[in-house]
Amino acid sequence: MNPGALRRALDVITRSAVAATVALLRRVARRRLSARQYDALVDSLLPAVVRARQQAAQLARQMYGRERRRHGVAGSAPNVAPPHYERAALDDALRRTVRPALVSAEPVLEEQLRAAGSAVARHVEMASRQQTVSLVRADKLALGWVRLLTGREDCAFCVLLASRKDLYGSAASAQFDADGEKYHDGCDCIVFPVFSEESRPGKTQQKYLYNVYRKAAEAHPDTHPLNALRRVLNSDNPPDLRPGTVAA
């Protein structure tokens with residue numbers, strides 16, 4: 001399973017969870033929910049999100065095993081627990097997107113429904129990312145993992161993280177690993193294991209993105225590199241990021 005295939009398979013899982021979430025939110029959007037009704041809504045939404053996360057984690061395990069076999073790595077992949085998920089995480093996502101309107105007389109806007117769906121999508125895809133990172137950390141024969149852009153939403157922060165040469169999970173990248181595991185709602189980045197530097201996925205894209213980052217920093221030397229990259233990407237003539245993404 002190459003990175004593009006992983007992205008497509010994740011999209012299928014994510015779309016189902018988002019559709020179920022938004023459909024239920026839309027059904028209650030015309031009401032003014034009490035605190036008890038809101039809690040019941042969270043309970044109703046939770047199973048679909050948990051199920052999708054289980055599917056995303058299973059997809060990551062399948063991908064990891066296939067990559068391991070493809071590279072001729074001896075033995076079996078580590079047996080690691082699937083990532084845990086708390087009801088509070090879903091509650092928090094709804095509280096910052098649609099809850100204010102649901103429990104008041106305000107109308108629920110399409111923008112708020114999209115935001116809730118985007119948050120749920122991140123929660124689902126985090127299961128795949130977290131599972132892969134856990135497998136890499138438990139696998140002494142893995143070199144590390146890479147963060148790859150797939151072209152749906154490439155913000156400056158994601159471009160910066162995907163442009164780093166050192167593999168995440170390696171000794172050289174230890175100081176960056178915490179940043180490498182941060183994702184925003186709508187983020188299209190995927191995590192992919194690396195077992196051979198020669199066949200490292202996304203190597204060409206990483207070099208291209210690093211060049212974009214370097215030129216941005218050089219163009220705005222008095223600005224923090226991340227802000228310099230934001231300025232360049234948001235300019236009237238932004239660089240083409242397509243060569244820096246893996247095909248989805």
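The UniProt record's numbering puts the first residue of the sequence shown at 1, with every later residue one more than the last.
All C-beta atoms, glycine included, are put in the ideal place defined by N, C-alpha and C.
On a predicted model such as this, the values are computed, not experimentally measured, just so you know.
Legend entry - Given 8 Å, three or more beta-carbon pairs between the segment 91 to 102 and the segment 152 to 168: no
Inset, instruction - Provide the residue(s) that pair with F192 in DSSP beta bridges, ordered along the chain. - result: Position 192 of the sequence shown holds residue 192. According to DSSP, which records beta bridges pairwise, F192 is partnered with V146.
Inset, instruction - For Y64, write down the residues that DSSP places opposite it in a beta bridge. - result: Position 64 of the sequence shown, counting from 1, holds the residue named residue 64. Looking at the DSSP output, Y64 sits in no beta bridge, so it has no partner there.
Inset, instruction - Output the distance between the C-alpha atoms of Y208 and S34, rounded to the nearest integer angstrom. - result: If you number the sequence shown from 1, residue 208 lands on position 208. If you number the sequence shown from 1, residue 34 lands on position 34. If you take the alpha carbons of Y208 and S34, they lie about 52 Å apart.
Inset, instruction - Count the other CB atoms, across all protein chains shown, that sit within 10 Å of the CB of Q205; report buried if there are 16 or more and exposed otherwise. - result: Stepping through the sequence shown from its first residue, residue 205 is reached at position 205. Burial check for Q205: the Cβ neighbour count within 10 Å reaches 16 or more, so the residue is buried.
Inset, instruction - Could you tell me which of R114, S118, K182 sits nearest to R147, measuring between CA atoms? - result: As a first step, residue 147 is located in the sequence shown; it is residue number 147 there, counting from the start. The option with the nearest alpha carbon to R147 is K182.
Legend entry - Given 8 Å, three or more beta-carbon pairs between the segment 50 to 61 and the segment 101 to 114: no
Legend entry - Start and end residues, alpha helix (DSSP H) containing H123: Position 123 of the sequence shown, counting from 1, holds the residue named residue 123. 110 to 138 is the extent of the alpha helix (DSSP H) around H123.
Inset, instruction - My understanding is that R7 touches T150, with C-beta atoms under 8 Å, so please give their C-beta distance in whole angstroms. - result: Position 7 of the sequence shown holds residue 7. Position 150 of the sequence shown holds residue 150. Confirmed, about 5 Å.
Inset, instruction - Report back the beta-carbon spacing between Y210 and K165 to the nearest angstrom; my notes put them in contact at under 8 Å. - result: In the sequence shown, the residue the question calls residue 210 occupies position 210. In the sequence shown, the residue the question calls residue 165 occupies position 165. Indeed they touch by this definition, with Cβ atoms about 7 Å apart.
Inset, instruction - Determine the extent of the alpha helix (DSSP H) in which R99 is found, giving its start and end residues. - result: Start at 1 with the first residue of the sequence shown, and residue 99 comes out as number 99. That run of the alpha helix (DSSP H) goes 99 to 102.
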